[in-house]
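S.K.: Pasting in a structure now, in structure tokens, and then I'll have a few things to ask.
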Amino acid sequence: MSKIKVAVLRGGPSNEYEVSLKTGSTLLKHLHSMSDKYETHDVLITKDGLWHINGFERSPEKVAQQIDVFVNGLHGSFGEDGKVQQMLESFNAAYTGSGTLASALAMNKKFTKEIAKKNGIKTAIHTIVRAGENTWDRVLEIFKTFPHPSVVKPVASGSSVGVSIAYTALDLEQAIAEALTHSDTAIIEEFISGREATCGIVNNFRNETLYALPPVEIVKPQKSAFFDYHAKYSGQSTEICPGNFSHAEREMIQTMSKQIHEALGLRHYSRSDFIVSPRRGVYFLETNTLPGMTNESLFPKSLEAVGVTIPHFLDHLIALALEAK
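Numbering of the sequence shown is given in my numbering, commencing with residue 47 and proceeding in unit increments.
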């Protein structure tokens, strides 16, 4: 039987290029361990958007002609916002992860929160500021009428890039300006104090349509105000899996993860983030349609906790992608 030709997409024109290289490297390593089944190809997309397969520059269409299925290891803009998905669909190519529209919705924190609210999923109150609106008057208006401290994020970015906590009006002005360097819209959310949690979902796994992995509890470094980019990738945070949550908290996190996965129309897998407040309960933050797969990443830790190896998981993902074609 001929081998399945699998390409790992990594790199890409986003500010999460380096993280994607790490995810891609991990995926390639594990796919190479299954060389009896898969013929593995490394597809590196440069920051300029040029495609290379096994070190040789090729057009995306030429690459797609050589491949049976793409494992998407991209992060951030282009990779997670529906753009590469739309391109792959135009080539009738099979690929892992969510489709074009679902990816675009999940990447946009504003749309995601609106969909969460419509589906009864508890999420922090928020407001937005678009590029060109970041005037001192607008900042003061938000500061006077919005609960503080607040969390300011780019509306379409991942890995906590461009995220800040604002305590004063000056903090808020600077945080919005920083967020707007990464996206054309900033989202300001009420800061909710509590323990940070994340929960992965896998489609059609272990006889369940939506299989919830055990929630991970994230204990950030003391010097970090939240689970920021440095805390995520410096190796200084502590991840506990399964997390030290009550039975009710764990069930709520898993239920909400399934609900938002379904409400956004996601497929194959996702990972949703939460704050567990001791007084106010579980709050949904956002959903990642292409969770990181680096050595520091949370999704692989959840898989390991239920006895699933990364090769086993990749085997499952590839089967789902080929079925969907």
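Each residue gets a CB set at the ideal place from its N, CA and C atoms; glycine is no exception. Being a predicted model, the structure only gives us computed values, none of them experimental.
(1) Under 7 Å Cβ to Cβ from residue 160, same chain only, skipping five residues before and after it: list those, please.
(2) When the Cα atoms are used, what is the spatial distance from residue 223 to residue 78?
(3) Taking contact to mean at least 3 C-beta pairs separated by less than 8 Å, is the segment 113-121 in contact with the segment 331-348?
(4) How about the segment 72-89 and the segment 350-362: do they share at least three Cβ pairs that are nearer than 8 Å?
(5) Using a Cβ-Cβ cut-off of 8 Å (strictly less than) and excluding sequence neighbours within five positions of residue 169, which residues of its own chain qualify?
(6) Would you list the residues sitting across from residue 263 in a DSSP beta bridge?
(7) Identify every run of the beta strand (DSSP E) within the segment 89-159, keeping only runs that are complete inside it and at least 3 residues long; order them along the chain.
(8) In chain order, what are the residue ranges of uninterrupted beta strand (DSSP E) at least 3 long that sit wholly in the segment 282-356?
(9) Given a cut-off of 7 Å, decide if residue 201 and residue 167 are closer than it, judged by their beta-carbon atoms.
(10) Taking 7 Å as the limit between beta carbons, can you name the residues of its chain near residue 215, skipping five residues before and five after?
(11) Mind checking residue 143: buried by the 16 CB within 10 Å criterion, or exposed?
(12) Alpha carbon to alpha carbon, what distance is there between residue 283 and residue 86?
(13) Given that a residue counts as buried once 16 or more other Cβ atoms are within 10 Å of its Cβ, and exposed if not, what is residue 108?
(14) So is residue 274 buried or exposed if we call it buried at 16+ other beta carbons inside 10 Å?
M.R.: From the atom records:
(1) none
(2) 43 Å
(3) yes
(4) yes
(5) 159, 162, 163, 329, 330, 331
(6) 243, 286
(7) 97-99, 115-118
(8) 284-286, 315-323, 327-334
(9) no
(10) 185, 186, 189
(11) buried
(12) 33 Å
(13) exposed
(14) Because the pLDDT at residue 274 is just 47, under 50, the model does not fix this residue reliably, and the value given afterwards should be weighed accordingly. Buried: at least 16 other Cβ atoms inside 10 Å.
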